[in-house]
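Peer 1: Following my numbering, the numbering of the sequence shown begins with 153 at its first residue and continues without gaps. Let me begin by handing over the structure; questions about it come next.
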Amino acid sequence: MPVEVKLPQLGETVYEATVGKWLKRPGDRVERFEPLVELITEKVNVEMPAPLGGRLVEILVPEGQTVPTGTPIALMETEQPPPAEGRAVEERSLRLSPLVARLAREHGISREELERIPGTGAGGRITKHDLLRYLEQRGTPSPAETAPVQGEREDRLVPLDPLRRTIAERLSRSVREIPHAYALVEADVTDLVRYYERNREDFERRYGVRLTYTAFFLRAAVEALRAYPVVNAQWTEEGILLRGRIHIGVAVSTERGLLVPVIRDADEKSLVGIVRELDRLVRRAREGQLSLEEVQGGTFTLTNPGVFGSVWSMPIIHHPQAAILATDAITKRPVVRGEGIAIRSVMHLGLAFDHRVFDGEVAVRFLNRVKECLEAVDPVTR
């Protein structure tokens with residue numbers, strides 16, 4: 153008798169999800185804990201494992217449709233008893249991120265081949281780099297190399313995938329519900345650049361992880377949030393909710409879209425701790441391995457468009473937070489110093505903020521505190 157497969161509760165604040173892509177088709181054999189369907193939530197995209205082994209009989213919810221938790225999404229034929237509550241999803245014999253699963257399908261890599269690929273990810277998981285290395289050794293051309301070139305000058309409609317649509321809806325909601333205001337200051341980070349260039353190689357040798365400017369920006373943001381806790385807040389109809397802990401989300405650009413993993417209790421971490429956690433989360437984001445817990449609960453967000461060359465940004469607030477800090481590119485420019493002109497390393501710091509929660513004076517004071525920390529160097533290197 154067919155058994156209903158229901159949409160699980162994916163997080164304490166997640167009550168619905170969009171079916172991104174079915175990884176199995178009706179009639180396919182499915183092993184227990186094998187990836188069955190890719191789900192898109194407001195927080196992150198995740199693979200849902202099959203709760204039972206058996207045969208997929210019918211897909212009840214098509215790709216692109218959003219349904220609430222508990223909705224039957226498929227029917228399976230199985231002779232196995234229901235899984236014990238709390239059984240760990242990491243017991244699957246083969247674990248693939250959505251990105252790796254898509255690449256495998258595009259290149260026609262069978263399950264048997266995948267099981268032979270050594271994984272270098274957490275718990276032996278196959279990463280994108282593992283798969284690309286395997287394809288290179290196998291000598292398989294990419295789809296872009298084999299696809300014919302047709303109609304290069306014709307208009308082309310690119311359909312929205314569920315993740316892109318979710319990102320669009322989330323940003324639209326932020327702009328629609330939050331009255332955005334902006335503030336901008338300029339920081340002379342010449343001494344910070346000198347510190348970075350002197351210490352980055354020794355830092356990597358000592359701690360085994362690469363030092364980045366983003367880590368300094370995070371440390372400066374922590375100091376400013378301590379000084380101005382109203383920035384670490386959110387608007388509610390009952391009043392302004394001041395958050396008791398500092399959980400900073402970091403915008404990460406991936407092949408599938410923008411993700412915002414969260415560095416929890418950032419104010420309790422040293423520079424080394426920030427660097428290690430940032431490196432871990434960025435790798436997991438780009439390999440499609442983020443869990444819901446790693447993208448929930450942020451109280452403030454930092455985005456660093458400067459890595460792409462931006463010199464002046466106006467970011468959109470990550471709803472329902474009160475503010476987002478943008479750090480732009482560090483560039484060398486002539487600057488008046490005393491009675492002369494010197495070439496200095498300069499950057500812009502921009503803050504988009506919810507004008508209901510605080511006013512421009514607080515925004516500028518907050519940015520000046522970030523600026524002071526970066527220019528003094530010492531507060532961000534501890």
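Cβ coordinates follow ideal geometry from the N, Cα and C atoms, glycine included. Since the model is a prediction, treat every value here as computed from it, not as a measurement.
Smallest Cα separation from E183: which of L503, T170, Y167 and M200?
Peer 2: M200
Peer 1: Quick check: the region 467-482 against the region 446-459, are there 3 or more CB pairs under 8 Å?
Peer 2: yes
Peer 1: Verify whether the separation of the beta carbon atoms of R521 and E375 is less than 9 Å.
Peer 2: Judged by their CB atoms, R521 and E375 are nearer to each other than the 9 Å cut-off.
Peer 1: Can you confirm whether the region 424-443 touches the region 219-227 when touching is taken to mean that 3 or more C-beta pairs between the two stretches lie within less than 8 Å?
Peer 2: no
Peer 1: The beta strand (DSSP E) with N197 in it runs from where to where?
Peer 2: DSSP places N197 in the uninterrupted beta strand (DSSP E) bounded by N197 to P201.
Peer 1: Hey, would you say I319 sits closer than 9 Å to P472, going by beta carbons?
Peer 2: no
Peer 1: Count the other CB atoms, across all protein chains shown, that sit within 10 Å of the CB of H399; report buried if there are 16 or more and exposed otherwise.
Peer 2: buried
Peer 1: Buried or exposed for L159, please, with buried defined as at least 16 other CB atoms from any protein chain shown within 10 angstroms of its CB.
Peer 2: buried
Peer 1: What does DSSP give as the partner residues of L454 in its beta bridges?
Peer 2: V402 and L477
Peer 1: Can you give me the Cβ contacts of A430 inside the same chain, cut-off strictly under 8 Å, excluding the 5 residues immediately before and after it?
Peer 2: The amino acid at residue 430 is misidentified as Ala; the sequence shows Leu. Contacts found: T364, T366, A367, L370, V402 and I415.
Peer 1: Is the distance from the Cβ of G216 to the Cβ of L315 below 9 Å?
Peer 2: no
Peer 1: Short of 7 Å in beta carbon distance, which residues of its chain neighbour E338, apart from the five on each side in sequence? Order them along the chain.
Peer 2: V498 and H500
Peer 1: From the DSSP output, in three-state form, read off I468 for me.
Peer 2: coil
Peer 1: Which value, in whole angstroms, describes the spacing of the CA atoms of G502 and G179?
Peer 2: 54 Å
Peer 1: Which of the three DSSP states, helix, strand or coil, is assigned to I269?
Peer 2: Note: I269 maps to coil in three-state DSSP.
Peer 1: Which same chain residues end up closer than 8 Å to D340 when comparing Cβ atoms and leaving out the 5 residues on each side of it in sequence?
Peer 2: Result list for D340: V487, R496, S497, V498 and E527, in chain order.
Peer 1: Starting from the Cα of E210, find the closest Cα among I261, N197 and P154 and give me that residue.
Peer 2: Ranking I261, N197 and P154 by Cα distance to E210 puts P154 first.
Peer 1: Rounded to the nearest angstrom, what separates T254 and H470 at their Cα positions?
Peer 2: For the sequence presented, residue 254 should be read as Arg rather than Thr. About 28 Å.
Peer 1: Within 10 angstroms of its Cβ, does N351 collect 16 or more other Cβ (buried), or is it exposed?
Peer 2: exposed
Peer 1: Is the Cβ-Cβ distance between L191 and V157 less than 9 Å?
Peer 2: no
Peer 1: Going straight from the alpha carbon of E420 to that of H259, what length do you get?
Peer 2: C-alpha separation (whole angstroms): 45 Å.
Peer 1: Report the rounded CA-to-CA distance for F518 versus T279, giving the unit in angstroms.
Peer 2: 40 Å
Peer 1: Go ahead and label W387 buried or exposed: buried means 16 or more other beta carbons lie within 10 angstroms of its beta carbon, across all protein chains shown.
Peer 2: buried
Peer 1: Taking all protein chains shown into account, do 16 or more other C-beta atoms lie within 10 angstroms of the C-beta of P300, making it buried, or fewer, making it exposed?
Peer 2: Caution applies to P300, whose pLDDT of 48 falls short of 50 and renders its modelled position unreliable; the value that the coordinates give is listed next. Burial call: exposed.
Peer 1: Does DSSP put P235 in a helix, a strand or coil?
Peer 2: Legend: pLDDT at P235 = 48, less than 50; position of this residue unreliable, no value from coordinates given.
Peer 1: Expressed to the nearest angstrom, what Euclidean distance is found between the alpha-carbon atoms of V189 and V427?
Peer 2: 34 Å
Peer 1: Confirm, please, whether the CB-CB distance from V509 to V382 is below 9 Å.
Peer 2: yes
Peer 1: Please return the same chain residues whose Cβ sits closer than 6 Å to the Cβ of T221, not counting the five positions on each side in sequence.
Peer 2: L159, Q161 and Y167
Peer 1: Spell out the partners DSSP gives Y365 in its beta bridges.
Peer 2: Note: Y365 sits in no beta bridge, so no partner.
Peer 1: List the residues that DSSP assigns as beta-bridge partners of D180.
Peer 2: Looking at the DSSP assignment, D180 forms no beta bridge with any residue, so it has no partner.
Peer 1: Please report how far the alpha carbon of R181 lies from the alpha carbon of P187, in whole angstroms.
Peer 2: 12 Å
Peer 1: Assign E210 to one of three DSSP states: helix, strand, or coil.
Peer 2: Of the three classes helix, strand and coil, the one that applies to E210 here is strand, per DSSP.
Peer 1: Our contact map puts Y359 next to V529 with C-beta atoms below 8 Å; I'd like the distance itself, whole angstroms only.
Peer 2: With a Cβ gap of about 19 Å, Y359 and V529 do not count as contacting.
Peer 1: Check the DSSP bridge columns for I495 and list the partner residues they point to.
Peer 2: P486
Peer 1: When you compare each of A202, N197, A169 and V198 to G177 by their alpha carbons, which one comes out closest?
Peer 2: Before going further, note that residue 177 is Arg rather than Gly in the sequence given. The closest CA to that of R177, considering only A202, N197, A169 and V198, is found on A202.
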